[in-house]
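Chains as they are written, first to last, in this note's numbering: chain R, 1 to 597; chain H, 1001 to 1231.
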């Protein structure tokens, strides 16, 4: 995981010694090449530099101004976003794609509260992210001062830990600790609230190395008895199934996980956050399971006798009703967070530790592979029985799945897909063949509409130059954060936004049809603007597509355009997402059409 | 629109009831169960002790965790230990076994929490209660107070305030006994507890008396260092 360059740090005490640079020598230096910070804010920036941060996403404001002032001379790059929610999502996606800790910053009060959705999103998806928020001066805290919010109070339930930094002397250490803590063990968001006096006050103290706090201990090496029990359980299984969760990607364990699956011939299904952890074009891959996962993945989960789950928290969108989840299976659960063991699904064989290490040790402990020939054949026949497919009659309106497939065909394997939340997200996950980790960037646990565009910006800045970035969004989801398109235009970011526009908040419409007798309350979005013209107003390329024969050209034009492009695909407004496991239902009882719900 | 054709067209494959389904199932805790026998675990009372960093906000983080995760908390006490910067939180929770397990693990995840453990039933447990009763029969009140090894903290013409300490049963009994005089006000602290004998109260907890001399010598070294710097 943490492959950040070790911070070049001198003993903090040395800063006080006569050998340390004096104020005189620091006088003419800029923040970029200074050796000793002069203010709390400079200490914050130094700490970020030392910790290995490269790109920050944020919005200026009164209480955070001292930090921005310190950034003026820093080598850290800063991207001004249109809204703080965009900053948080961009930082989150930057972290997902780069494998580093994303950093966002905002001012106090509304700036901080606007970050909240993005912080909660990162928390639910266990994404390493550091949020820095300005705060009113310490003396005014608690007085309901202008733009004051109890930010640590508001964000306590949605952060791994948060800090109120009340001292310029130690603020750099706190920021370094928060940065390190975000990525340590099971990743998650941390926050440092920075009162204005803390960042303005003078200090000459060099921040120490970015280290996790002593009280946060992570078990990387699994217990050998646990490893042994898990290995025996897998050996004797007749119908073993691997379930890769997001932890496989975050723990950089994809290679170990792939080797384990292929070596032992065990079929693999993934959760949505783990899309790309195992190549979806591999014979053993059953794609992703859960509410809108494939029929064959859900059949496999229902019938396995040994579910080897790695780095997943068994979210209800995956399990459906817990009482019917993998009902015959002994569960081997590998997770670095002991609190996830038996939280939702009882683990018969828990293995607490780093995913890659645990897989390698279980593998080494196994003296034989389970005989999976019959079971693998069964899984294959389910793939033939329940194909992911859709109808494309010529006289029908454009099907969204066709658009997703057209993009998949026109792009390279390492293309990064970001999405908003809704039907389009499911189609993007179902009809695109993911083969590489960190190419699927989406909002899973929180299900945040509007995630797609800011995530595409964060992903673009973290991606390799030759990697393409495609954002699938829905009309409703796009409307929520489309102002970030202005940022993509300003920065000339080469992203393509495909709006699958059905003039509905489509997933809600689908549920209203299925579960509310078709009473379509507030799901109709026919008041949406023309997104191609909107894109042009922002300065991006705008294209509108109504028909099948326009798709290929539009996709090509948008992908070839050097800068942000938006294609407004007017899709079949009645198209629904299937298969579907009803909320709280049994995975094996997935519906293939509305009348099966 | 054409709701009968395209909306319900769906995908190929056998319908839900035409597919094979296994018989097994799990309970609400995700534990596989015998279909013949219900296995919903009963809840029980557990005393959980958490050693925490004595810093602002720690109590709100702990109580926030309990409210957010819907753990049923009976009482919570907190106070500093002999180790500088440490405090002990004693929680009484009413949960199923998997719930108690989760309480401990989720608590352990909090950054300011150093160690967590459930205390055995035989632990030394005590609670303090202050009772303000009507002062009409001071002799009888005094007699009951003595029966429960209590103390009279305040006695006036109209009210008498007494303090009783002990385990939860003793306190409950005392409250019942004082009820005959008419209880005007009551304040209870909730249970606090330590493991019996040499057993550490939280796993791996180091004895405070061994720690404190070391801590104070560390401080002395730090002081010397800083003194040197100042010179």
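All C-beta atoms in this analysis are idealised placements derived from N, C-alpha and C, irrespective of residue type, glycine included.
- In this structure, the beta-carbon distance from residue 178 (chain R) to residue 170 (chain R) does not fall below 8 Å.
- The Cβ-Cβ distance between residue 334 (chain R) and residue 351 (chain R) falls below 8 Å.
- Ranked by Cα distance from residue 192 (chain R), the first of R:341, R:127, R:173, R:497 is R:173.
- Secondary structure at residue 379 (chain R): helix, using DSSP grouped into helix, strand and coil.
- Under the three-state reduction of DSSP, residue 466 (chain R) is assigned to coil, being neither helix nor strand.
- Of H:1032, H:1087, H:1083, H:1058, the smallest CA-CA separation from residue 1208 (chain H) is found for H:1083.
- Under the three-state reduction of DSSP output, residue 162 (chain R) falls in the strand class.
- Judged by DSSP in its simplified three-state form, residue 1060 (chain H) adopts helix.
- Listed in chain order, the non-local C-beta contacts of residue 1182 (chain H) below 7 Å within the same chain comprise 1133, 1134, local neighbours out to five positions each way being set aside.
- Nearest CB-CB separation between residue 496 (chain R) and chain H: not below the 8 Å threshold.
- For residue 1099 (chain H), the enclosing alpha helix (DSSP H) has its first and last residue at 1097-1109.
- Residue R:364 holds the alpha-carbon nearest to the alpha-carbon of residue 264 (chain R) among R:380, R:149, R:394, R:364.
- If you compare the alpha carbons of R:79, R:359, R:480 with that of residue 243 (chain R), the shortest gap goes to R:359.
- Between the region 266-276 of chain R and the region 563-575 of chain R, the count of Cβ pairs shorter than 8 Å is below three; the stretches do not touch.
- Note on the region 546-581 of chain R: whole beta strand (DSSP E) runs with a minimum of 3 residues are 565-570, in chain order.
- Looking at the DSSP output, residue 472 (chain R) shares a beta bridge with R:419, R:498.
- In this chain, the beta strand (DSSP E) harbouring residue 131 (chain R) covers 129-135.
- Taken in chain order, the complete alpha helix (DSSP H) segments of 4 or more residues contained in the region 173-226 of chain R are 196-200.
- Among the bridge pairs identified by DSSP, residue 286 (chain R) is matched with none.
- About 17 Å separates the beta carbon of residue 101 (chain R) from that of residue 71 (chain R), a gap too long to meet the 8 Å contact definition.
- CA-to-CA, the gap between residue 1165 (chain H) and residue 1152 (chain H) works out to about 12 Å.
- Within chain R, the C-beta atoms nearer than 8 Å to that of residue 1021 (chain H) come from 302, 586, 588, 589, in chain order.
- Using a CB distance below 8 Å, the part of the region 1099-1126 of chain H facing chain R consists of 1101, 1102, 1105, 1106, 1108, 1109, 1110, 1111, 1112, 1113, 1114, ordered along the chain.
- Using a Cβ-Cβ cut-off of 7 Å, residue 295 (chain R) is close to 1013 of chain H, given in chain order.
- Rounded to the nearest whole angstrom, the C-alpha separation of residue 1198 (chain H) and residue 1119 (chain H) is 13 Å.
- For residue 339 (chain R), the chain H residues whose Cβ falls inside 8 Å of its Cβ are 1102, 1105, 1106, 1108, 1109, in order along the chain.
- Residue 59 (chain R) and residue 1054 (chain H) have their C-alpha atoms spaced approximately 35 Å apart.
- Under a criterion of Cβ atoms nearer than 8 Å, the residues of chain R adjacent to residue 1060 (chain H) are, in order, 153, 156.
- Under the DSSP assignment, residue 98 (chain R) falls in the alpha helix (DSSP H) whose first and last residues are 84-98.
- In terms of beta-carbon proximity, residue 593 (chain R) lines the interface with chain H, with at least one pair separated by less than 8 Å.
- Within the same chain, and ignoring the five residues on either side of residue 182 (chain R) in sequence, the residues whose Cβ sits closer than 7 Å to its Cβ are 101, 128, 129, 130, 160, 188, 189, 190.
- DSSP lists H:1161, H:1185 as the bridge partner or partners of residue 1132 (chain H).
- Interface with chain H (8 Å Cβ-Cβ cutoff): residue 344 (chain R) is included.
- DSSP links residue 1115 (chain H) through a beta bridge to H:1051.
- C-alpha of residue 287 (chain R) to C-alpha of residue 470 (chain R): approximately 20 Å in a straight line.
- For residue 77 (chain R), the enclosing beta strand (DSSP E) stretches over residues 77-80.
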